[in-house]
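Under this note's numbering, the first residue of the first sequence carries the number 43, and numbering increases by one thereafter.
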Amino acid sequence: MIDLLDRPSPEVARLLIGALLTFEGVGGVVVETEAYDPDDPASHAFSGPTPRNAPMFGPVGRAYVYRSYGLHWCLNIVCGPRPGAAVLFRALEPTLGLDEMISRRGLGDPRRLAAGPGRLCQALGITAAQNNQSMTAPPFRLEPAAAPVAVVQGPRIGITKAVEQPWRFGLAGSPFLSRAFSG
DNA sequence: CTTTTGATGCCCT
DNA sequence: GGGCATCAAAAGA
């Protein structure tokens with residue numbers, strides 16, 4: 043697993059599509075990710091280490107959890123091979139712990155349970171308490187896709203810099219994406 | 001259906 | 001003080 047993560051973030055982001063991600067037994071199949079790179083103006087790591095982004099400069103496989111817009115949590119996994127790279131988990135296809143996710147999110151539509159980074163964290167119960175924790179050991183579970191999957195690619199969402207980098211990846215045709223891919 | 005708006009915390013310059 | 005790697009609800013068409 044670690045060797046799979048110890049690569050440039052766009053490569054890791056692509057490889058994580060179709061993987062299984064759970065926290066305390068709740069989660070599902072990764073259907074949407076985004077890559078962030080140290081040389082990437084859209085990345086929190088672009089201006090070097092700070093108290094907030096410190097996990098991004100630590101060991102590969104740790105979680106980087108940050109608060110978004112004052113309300114939501116967003117979950118990244120730190121990857122390599124250079125410090126300051128990470129992949130943002132943007133959407134899951136819910137498969138394990140459905141009841142838990144439904145009660146946390148307050149709705150039943152499985153397509154909206156974990157479609158979006160903030161929703162995903164709410165469904166799994168991810169908060170700042172998980173920041174800098176290892177995602178390759180319990181209570182996390184992260185297993186690569188058993189078989190190759192069809193991956194689509196496009197521009198990242200919600201950013202204003204480096205918009206042209208096509209570093210958003212998705213499971214082709216998945217109904218559980220936060221937004222459809224154009225191409 | 002699409003677009004707009006308000007909620008809201010905190011990091012960083 | 002500016003600016004967000006967002007989301008749900010409201011308003012428009």
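Glycine residues also receive a C-beta, built at the ideal position from the N, C-alpha and C atoms.
Item to complete: Enumerate in chain order the residues of its own chain whose CB-to-CB distance from Q172 is below 6 Å, with the five nearest sequence positions on each side excluded.
Response: The answer, listed in chain order, is A105, V107.
Discussion item. DSSP three-state label for G158, please.
Written reply: coil
Practice prompt. List the residues that DSSP assigns as beta-bridge partners of Q195.
Written response: F211
Worksheet item: Going by beta carbon distance, what residues of the same chain come within less than 6 Å of H114, once the five residues before and after it are set aside?
Response: G160
Discussion item. Suppose you measure from the CA of L155 to the CA of S145; what does that come to, to the nearest Å?
Written reply: 10 Å
Fill in: DSSP-derived helix/strand/coil call for P119
Reading off the sequence, residue 119 comes out as Ile, not Pro. It is a strand residue.
Worksheet entry | Sufficient close CB pairs (3 or more, under 8 Å) joining the segment 115-131 to the segment 59-76 | Touching, per the Cβ criterion.
Item to complete: State the DSSP-derived secondary structure class of E53, mapped to helix, strand or coil.
Response: helix
Discussion item. In whole angstroms, give me the CA-to-CA distance for V102 and G196.
Written reply: Roughly 25 Å separates the two Cα atoms.
Worksheet entry | Cβ contact check for the segment 75-86 and the segment 177-192: 3 or more pairs under 8 Å | no
Worksheet item: Is the CB-CB distance between G126 and N174 below 9 Å?
Response: no
Fill in: Distance between T92 and L213 (C-alpha atoms, nearest Å)
When only Cα atoms are considered, L213 and T92 end up about 33 Å apart.
Discussion item. Tell me the DSSP secondary structure of R132 in three-state form.
Written reply: Note: R132 maps to strand in three-state DSSP.
Worksheet item: Using a Cβ-Cβ cut-off of 6 Å (strictly less than) and excluding sequence neighbours within five positions of F99, which residues of its own chain qualify?
Response: P91, P125, G126
Worksheet entry | Residues near P86 in its chain [Cβ-Cβ closer than 6 Å; skip 5 each side] | In the sequence under discussion, the amino acid at residue 86 is His, which differs from the Pro named in the question. Setting aside the 5 residues that flank it on each side, H86 is surrounded in the same chain by N95, each with a C-beta closer than 6 Å to its C-beta; the list follows chain order.
Worksheet item: Does DSSP put E142 in a helix, in a strand, or in coil?
Response: helix
Worksheet item: Near R153, which residues of its chain fall below 8 Å by C-beta distance, leaving aside the five closest residues on each side in sequence?
Response: P217, F218
Worksheet entry | Extent of the continuous alpha helix (DSSP H) to which L47 belongs | 44-47
Worksheet item: Using a Cβ-Cβ cut-off of 6 Å (strictly less than) and excluding sequence neighbours within five positions of R198, which residues of its own chain qualify?
Response: Excluding residues up to 5 positions away in sequence, E76, W209, R210 lie with their Cβ nearer than 6 Å to the Cβ of R198 in the same chain.
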